[in-house]
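Protein chains: 4
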Amino acid sequence: MSTFGQVFRVTTYGESHCRSVGCIVDGCPPGMALTEDDVQPQLSRRRPGQSNLTTPVAPTQRDEKDRVEIQSGIECGVTLGTPIAMVVRNQDHRPHDYTETDLYPRPSHADWTYIQKYAVKASSGGGRASARETIGRVAAAGIAEKYLKLAYGIEIVAFVSSVGKACMPFIHAQDGAGAKSKAILDDFYTMLSKISRSDVDADMVRCPDAACCEEMRKEILEAKAENDSVGGTVTCVIRGLPAGLGEPCFDKLEAKLAHAMLSIPATKGFEIGSGFRGTTMRGHEHNDPWIKRDAAGNDRALGTATNNSGGVQGGISNGEPVYFRVAFKPPATISRNQETCTYDGVSGVLATRGRHDPCVVPRAVPIVEAMAALTIMDALMVQAARQHTAGRLPAIPLQPSMSGKAPAPNAAGTEGALAEATE
Amino acid sequence: MSTFGQVFRVTTYGESHCRSVGCIVDGCPPGMALTEDDVQPQLSRRRPGQSNLTTPVAPTQRDEKDRVEIQSGIECGVTLGTPIAMVVRNQDHRPHDYTETDLYPRPSHADWTYIQKYAVKASSGGGRASARETIGRVAAAGIAEKYLKLAYGIEIVAFVSSVGKACMPFIHAQDGAGAKSKAILDDFYTMLSKISRSDVDADMVRCPDAACCEEMRKEILEAKAENDSVGGTVTCVIRGLPAGLGEPCFDKLEAKLAHAMLSIPATKGFEIGSGFRGTTMRGHEHNDPWIKRDAAGNDRALGTATNNSGGVQGGISNGEPVYFRVAFKPPATISRNQETCTYDGVSGVLATRGRHDPCVVPRAVPIVEAMAALTIMDALMVQAARQHTAGRLPAIPLQPSMSGKAPAPNAAGTEGALAEATE
Amino acid sequence: MSTFGQVFRVTTYGESHCRSVGCIVDGCPPGMALTEDDVQPQLSRRRPGQSNLTTPVAPTQRDEKDRVEIQSGIECGVTLGTPIAMVVRNQDHRPHDYTETDLYPRPSHADWTYIQKYAVKASSGGGRASARETIGRVAAAGIAEKYLKLAYGIEIVAFVSSVGKACMPFIHAQDGAGAKSKAILDDFYTMLSKISRSDVDADMVRCPDAACCEEMRKEILEAKAENDSVGGTVTCVIRGLPAGLGEPCFDKLEAKLAHAMLSIPATKGFEIGSGFRGTTMRGHEHNDPWIKRDAAGNDRALGTATNNSGGVQGGISNGEPVYFRVAFKPPATISRNQETCTYDGVSGVLATRGRHDPCVVPRAVPIVEAMAALTIMDALMVQAARQHTAGRLPAIPLQPSMSGKAPAPNAAGTEGALAEATE
Amino acid sequence: MSTFGQVFRVTTYGESHCRSVGCIVDGCPPGMALTEDDVQPQLSRRRPGQSNLTTPVAPTQRDEKDRVEIQSGIECGVTLGTPIAMVVRNQDHRPHDYTETDLYPRPSHADWTYIQKYAVKASSGGGRASARETIGRVAAAGIAEKYLKLAYGIEIVAFVSSVGKACMPFIHAQDGAGAKSKAILDDFYTMLSKISRSDVDADMVRCPDAACCEEMRKEILEAKAENDSVGGTVTCVIRGLPAGLGEPCFDKLEAKLAHAMLSIPATKGFEIGSGFRGTTMRGHEHNDPWIKRDAAGNDRALGTATNNSGGVQGGISNGEPVYFRVAFKPPATISRNQETCTYDGVSGVLATRGRHDPCVVPRAVPIVEAMAALTIMDALMVQAARQHTAGRLPAIPLQPSMSGKAPAPNAAGTEGALAEATE
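The listed protein sequences derive, respectively, from chains E, L, P and V.
When you line the first sequence up against the working numbering, it's residues 12 to 434, in that order.
When you line the second sequence up against the working numbering, it's residues 12 to 434, in that order.
When you line the third sequence up against the working numbering, it's residues 12 to 434, in that order.
When you line the fourth sequence up against the working numbering, it's residues 12 to 434, in that order.
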């Protein structure tokens with residue numbers, strides 16, 4: 012439904028043409044400095060009409076301001092721990108008058124499925140299936156991100172990794188195993204370790220690889236010139252995540268991330284770490300060896316030499332960067348006539364209406380970051396519940412095989428036969 | 012955590028070496044014929060030791076019977092609507108004695124992350140991270156599947172679509188656009204429309220393409236010979252699904268499926284419909300045109316000519332087959348020595364222990380089917396709640412643009428200007 | 012937290028002095044006629060300043076308009092099935108300046124507990140603990156009530172049953188068993204079967220018993236004259252409820268109602284049916300005998316001759332009126348000096364501030380109705396999910412002892428020994 | 012449904028005559044010593060047949076052992092943090108043969124409502140509506156109670172406070188205000204502060220007041236002699252609870268407790284603190300003045316001089332003892348013929364079957380304690396999530412009116428006008 016999260020819970024509302032869109036964030040930690048200025052930047056990065064690459068920008072076509080207004084839950088710039096409601100007004104909320112094009116459910120849009128589900132749909136735009144619905148998520152994530160940064164130094168950065176057939180080298184390099192591929196992957200991991208949002212925003216395509224960026228721009232402009240659209244992928248890295256997040260068995264960290272990402276409109280796929288390319292690898296090369304870490308003042312002394320796991324093992328974060336990639340289909344709204352049929356099953360041609368966004372992936376970047384932040388924030392709070400209740404228990408001695416701590420020399424219990432346990 | 016679903020809710024329990032594993036299924040529709048014989052077949056398909064391709068089969072190594080015992084919720088072979096508890100006993104539940112190998116967290120296993128999360132872990136096997144945990148899911152899904160079949164004729168069939176580099180032709184064909192690719196894809200869609208579980212089980216590799224099956228077998232045996240392991244992908248199709256399932260915005264059908272699949276141990280990726288390959292397509296070729304359907308006695312008069320959407324639009328099923336692919340990494344447990352380090356950060360070699368399953372994808376087939384069934388069952392019940400409460404409301408006239416029904420000739424409201432709505 | 016309901020879900024937000032208060036209603040059945048006019052009446056009944064019995068009414072003191080603005084989820088006056096956000100602006104949302112009185116946590120208020128919980132609190136009024144928070148609930152219930160009325164003819168009416176020591180006769184009559192008591196109770200049940208909101212609103216005390224009403228008014232005015240406050244009880248009846256609502260074991264209908272009612276500020280107790288007085292009765296007089304019902308066109312052929320059960324048995328509605336009583340303490344805010352201590356533990360006197368509502372129960376009437384409506388609406392939808400999924404199963408013959416249907420004459424299985432089953 | 016709790020989640024299963032009853036406890040803090048011996052004592056206190064006051068004890072009638080078997084989630088006597096499944100076998104699980112009495116839905120039982128809800132019911136005993144269902148709750152609470160004791164020193168003690176018309180003096184004393192009443196109440200609060208379970212178990216009636224106990228025994232034996240049953244109330248105190256538990260607005264601590272208590276079979280009412288009698292008090296006498304507390308080493312420096320609030324304010328615990336009272340109706344199963352009608356609406360007499368428990372309140376004592384423990388445990392974990400995430404934020408200065416801390420002398424912001432805020 013429209014709520015995400017178990018303890019840090021976000022509920023969104025709004026269609027493309029109703030009075031406003033927004034959300035309620037319930038469960039925000041109290042005592043955090045927060046103003047609308049913390050929330051607005053990502054909303055502005057998400058906004059249509061930022062460049063002629065994405066949504067057409069003629070002022071008469073698009074003039075959304077998308078200013079967020081916090082309704083509750085903060086006072087004097089401090090969170091109270093109570094629900095934080097946020098509202099972003101829609102500029103246009105007239106119901107839509109019927110036209111010829113309404114005879115047709117738009118191909119690969121949600122018109123027909125909404126009517127199957129609800130027996131009624133919003134008259135105009137995408138209704139609740141519109142990308143405008145994501146405003147509530149991005150606003151909510153502004154709060155989560157501020158917390159993650161302040162309390163843990165966690166950074167979340169997403170970027171465009173492919174547009175159509177133009178893709179960053181790491182995507183294909185991962186399939187090979189030669190020296191060149193290894194170099195490409197090393198560059199990729201280095202990039203993940205330091206890329207920032209301002210790096211990403213250096214070009215409106217939001218791909219940090221300058222050469223690749225040009226190819227992507229060409230894909231977009233070509234699609235635009237042909238009144239067509241083009242898909243792409245967004246890759247995201249989460250750095251500074253503590254180990255221990257994610258709830259086996261159903262709410263593994265990767266499962267929640269996958270859920271979060273596939274809830275974004277127009278997504279068709281998700282992969283974490285080695286992902287689909289990892290399925291072609293052998294175990295001995297896919298396994299990430301443990302190494303000692305330089306971790307000042309904490310007990311997470313270990314890290315991994317490689318990161319095919321993508322920062323999760325057994326559904327739980329291991330302290331390495333979490334990275335994943337999300338597939339976006341080409342936008343269904345195109346400026347071309349399409350052969351299809353009416354709601355009544357009569358074949359015909361759905362005429363083009365207006366000009367449209369040829370590619371959504373640059374604008375999807377902050378949305379992917381938002382859903383990542385919401386997922387991590389909730390996982391952190393659930394783990395805090397466990398960790399701090401467990402921390403009040405009297406310490407009890409554990410078997411070495413249950414604690415990862417080697418037994419004292421000559422201690423009992425070290426010589427038994429190993430129970431075979433392959434499952 | 013360990014509960015999945017909003018109305019049809021499954022809660023599982025159990026580690027690899029405790030007394031038993033199992034689940035409670037809450038919310039099962041009452042009045043359905045059900046015995047253990049409905050649940051056992053998929054448990055047996057899931058069981059290790061079915062062939063020398065997967066888990067080694069020497070009787071002393073593996074002799075799990077995995078017989079399910081229903082504890083509650085049925086009487087005289089009929090479901091009561093009350094919680095159905097199911098128990099499968101573990102054969103071996105001695106705690107594990109400490110050995111040299113316990114000095115090391117196993118690479119790409121959950122040993123280290125469990126200790127980070129819980130500060131304690133099961134001494135033996137994979138504990139809760141073991142694939143044995145999936146028994147509860149598969150048992151629960153036996154109930155869901157029976158319902159889906161009886162009440163809707165829904166069929167769920169999964170199969171191995173790749174092992175290592177050996178993959179079914181449709182996977183790469185989808186990247187091209189030539190005539191040959193088209194033929195391969197046509198074959199793929201035809202196969203999806205009729206494949207059965209017995210087709211899949213004709214070969215223990217569980218790939219329905221005989222030629223490809225041989226290549227996969229070679230991949231598995233080669234990995235086995237090298238004391239290594241190999242990954243793969245499982246593709247799953249759901250046929251007969253009514254339109255209207257899936258709950259925008261966060262619980263879109265594909266989001267819940269992705270969540271479900273990424274909660275299976277060893278998974279690294281999920282894609283629905285055109286998936287990652289769809290990101291390279293143009294909108295005009297990716298859009299699925301609507302066509303009239305021959306649907307006796309229902310109002311779902313439309314279908315799609317192609318199915319790049321994978322049966323979902325706007326997060327809601329459209330009545331076409333839902334299909335998706337899941338990526339499994341190569342098993343982390345291999346029969347080779349591995350350079351790694353101890354819990355204390357001391358570099359060393361983790362010695363091999365025993366022989367292990369070189370490839371899990373054939374056994375993952377019923378687990379993928381199970382999670383699909385649980386997801387669909389819950390989505391069906393949530394939609395039933397809406398549909399049948401809405402169905403009691405007095406009918407009210409809807410604007411044509413809200414109903415997909417053309418206005419009567421000369422009716423008012425058909426001439427207004429179209430509100431531009433691209434988002 | 013701030014969400015109520017499993018399928019029909021309400022999330023509220025807002026403090027007494029933030030920008031606005033309101034809610035998001037998720038899961039509303041689509042296709043229902045709905046405008047702000049459906050929601051406003053109960054908000055107006057809830058509003059402070061309706062009479063000089065409750066909140067003081069001088070215009071400078073209270074001038075809340077409490078006009079609801081629907082933000083989303085409806086179009087052209089029809090619900091879309093998507094989340095319905097509602098906003099009611101606060102008139103005054105300046106942060107509060109510190110004064111002498113802020114040295115003291117107010118006795119029996121939430122000042123101190125909020126600081127213990129959140130380490131921060133809203134500076135003014137009751138913050139989130141204010142009765143103003145209930146606006147979101149009452150608005151949400153306007154939607155639920157409209158559905159319940161349209162689809163099931165369900166009616167929910169609450170009234171003031173006691174103020175201080177002035178109470179309606181049924182409350183004490185229930186303890187006795189004489190002829191007079193029986194007559195009083197008969198009158199009570201008759202009243203429950205037909206009382207309407209306009210009956211209740213005939214007097215601003217909102218007690219339908221004219222004589223009792225006068226006594227209550229005296230209690231209120233006496234408390235007011237003494238700068239004191241007084242508590243009371245609200246009784247509520249739900250008529251027209253279908254049998255079968257409520258979810259064993261934890262979500263029994265009475266359990267959810269109790270949860271709902273005790274979540275209203277200032278409540279201290281809940282009883283359903285015979286309630287606490289039933290604890291003094293014997294089983295043979297408390298048991299409600301079954302009788303044939305005149306139920307046109309449905310299979311709920313039975314009713315009960317008495318209704319000590321309060322319309323629920325085993326946590327499930329039985330089709331008889333559900334009635335319950337809710338205890339409200341005297342308001343903690345009084346216009347008297349109080350001996351207490353400061354946050355720092357220094358004894359002192361908290362000086363009076365202004366004039367306050369001596370009695371909240373008349374205004375609590377629509378809030379009790381609201382929480383009842385939200386509880387019933389959710390229970391209905393959960394039951395619809397079960398009933399309509401079960402309804403698609405092929406019929407199977409049931410044992411007579413499982414179906415309540417007598418076996419055919421000479422049928423097998425009627426002679427076995429009775430298993431003793433007292434638990 | 013059958014799951015209780017948000018973070019510490021208990022799911023129960025089982026009918027009176029299926030194979031076993033039990034539960035899964037998900038979210039238990041890891042690293043706690045736990046064996047079946049921690050769980051068994053309360054199960055034994057709950058068991059029928061403990062005395063001739065409650066369930067008849069002839070060995071042929073009742074010989075339940077109710078031994079719990081832990082299936083998972085612990086190893087070597089330590090909790091792993093994974094789900095803990097527990098099973099208690101039923102002695103008798105034959106389906107019940109049809110007899111004459113099955114023609115009749117039992118008055119005030121769940122026979123008829125289960126059939127309305129599920130269209131099928133268990134053939135024998137109470138099925139899921141049986142008190143036997145509470146075994147899973149009591150087992151789960153054994154774990155929660157151990158944690159609460161070890162980590163916080165929290166104690167939960169319930170006792171029988173009335174049986175029929177025999178009731179402990181505090182119940183009526185609370186209505187008065189004279190010196191004698193004050194003395195009775197003082198005794199009551201003193202008793203609450205130190206009563207233990209062994210005090211309660213000194214007499215099988217489980218009332219700690221010896222004189223009252225005798226009267227209660229007479230009520231029970233009298234009802235028994237008359238083949239009748241009698242109701243009663245159970246009062247429960249929770250001591251040592253930290254301040255800050257309970258989640259506004261819907262999940263106030265008293266709301267969750269009410270939910271928990273009304274989910275116990277046969278309950279009809281709940282009141283916390285002053286409860287229903289508080290509704291007759293004036294605000295100035297009901298308000299609990301703050302006093303300085305001797306609280307070594309914590310910042311909860313305040314307590315209350317009286318405790319009409321019952322330990323909660325604004326839905327949040329204030330550190331004082333939480334106490335509440337629960338109403339139980341007389342058991343519906345009586346050893347008398349009853350005039351009623353059949354499922355088909357034919358009037359007739361339901362013949363008595365066997366001998367039955369005349370009074371359940373002594374056995375309800377551990378069940379009330381169990382539900383209290385589950386409620387508190389979950390509230391603690393949710394608050395831990397908030398508190399420890401908030402605790403990682405950088406400290407920021409708060410306005411005095413937001414923090415309960417007096418401003419420094421001559422500080423700004425102390426002279427502003429007080430915003431009137433009566434709601």
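Cβ atoms here follow ideal geometry from the backbone N, Cα and C, with glycine treated the same way.
Quick caveat: nothing in here was measured; it's all calculated off a predicted structure.
Item	Value
Compare the C-beta of Ala-221 (chain L) against all C-beta atoms of chain B and say whether one is closer than 8 angstroms.	No chain B appears in the structure shown, which is made up of the protein chains E, L, P and V.
Could you tell me the boundaries of the beta strand (DSSP E) in which Gln-17 (chain L) lies?	It is not in any beta strand (DSSP E) - Gln-17 (chain L) carries neither H nor E in the DSSP assignment.
Does the ligand COA have a heavy atom nearer than 7 angstroms to the CB of Lys-229 (chain V)?	The ligand COA is absent from the structure shown, which contains no ligand whatsoever.
Go through its chain and collect everything with a Cβ distance to Ala-422 (chain L)'s Cβ below 8 angstroms, but skip five positions before and after it.	In this prediction, Ala-422 (chain L) scores a pLDDT of 47, lower than 50, which makes its location untrustworthy; no coordinate-derived value is stated.
With distances taken from CA atoms, which of L:Asp-48, L:Cys-370, L:Val-174 is nearest Ala-150 (chain L)?	L:Asp-48
So is Asp-305 (chain L) in contact with chain E if we call contact Cβ pairs under 8 angstroms?	no
Count Cβ pairs between the segment 149-165 of chain V and the segment 50-60 of chain V that sit closer than 8 angstroms; are there 3 or more?	yes
Which whole runs of the alpha helix (DSSP H) in the segment 127-181 of chain L are 4 residues long or more, in chain order?	145-163
Kindly indicate which three-state DSSP category Cys-29 (chain E) falls into: helix, strand or coil?	coil
Check the Cβ-Cβ distances between Met-413 (chain E) and every residue of chain V, and say whether any is below 8 angstroms.	yes
Less than 8 angstroms between the beta carbons of Met-292 (chain V) and Gly-164 (chain P), yes or no?	no
Would you call the CB atoms of Ile-327 (chain P) and Lys-128 (chain V) closer than 8 angstroms?	yes
Residues of the segment 80-97 of chain V with a CB closer than 9 angstroms to any CB of chain L: list them in chain order, please.	Glu-80, Ile-81, Gln-82, Ser-83, Gly-84, Ile-85, Glu-86, Cys-87, Val-89, Thr-90, Leu-91, Gly-92, Thr-93, Pro-94, Ile-95, Ala-96
With a CB to CB cut of under 7 angstroms and the five nearest residues on each side skipped, what residues in its chain are close to Ala-140 (chain E)?	Ala-121, Tyr-125, Pro-276
Assuming Gly-289 (chain V) is part of the alpha helix (DSSP H), what are its boundary residues?	286-289
Roughly how far, in whole angstroms, is the beta-carbon of Ile-345 (chain E) from the beta-carbon of His-295 (chain L), given that I think they are within contact range, below 8 angstroms?	6 angstroms
Against chain L, with Cβ distances strictly below 8 angstroms, would Thr-22 (chain P) count as a contact?	no
Taking the beta strand (DSSP E) that Lys-279 (chain E) falls in, what are its first and last residues?	278-283
Which whole-angstrom value is the C-beta distance of Gly-321 (chain P) and Tyr-334 (chain P), which I expect to be below 8 angstroms?	6 angstroms
Would the segment 243-250 of chain L and the segment 156-176 of chain L be scored as touching if the rule is three or more Cβ pairs under 8 angstroms?	yes
Please list, in chain order, the residues of the segment 138-162 of chain P that have any C-beta partner in chain L closer than 8 angstroms.	Tyr-158, Leu-161, Ala-162
Which word fits Val-357 (chain E), buried or exposed, when buried means at least 16 other C-beta atoms lie within 10 angstroms of its C-beta?	exposed
Any idea which residues DSSP pairs Gln-53 (chain E) with across the strands?	Answer by DSSP bridge pairing: none, since Gln-53 (chain E) is not bridged.
For Pro-394 (chain E) versus Leu-232 (chain E), is the C-beta distance shorter than 8 angstroms?	At residue 394 (chain E) the sequence reads Gln, which differs from the Pro that was named. The answer is no: Cβ separation not under 8 angstroms.
Tell me the rounded alpha-carbon separation between Met-388 (chain L) and Pro-300 (chain P).	39 angstroms
Pick from L:Asn-348, L:Arg-228, L:Met-97, L:Ala-266: whose alpha carbon is nearest that of Met-215 (chain L)?	L:Arg-228
DSSP three-state label for Ala-312 (chain L), please.	coil
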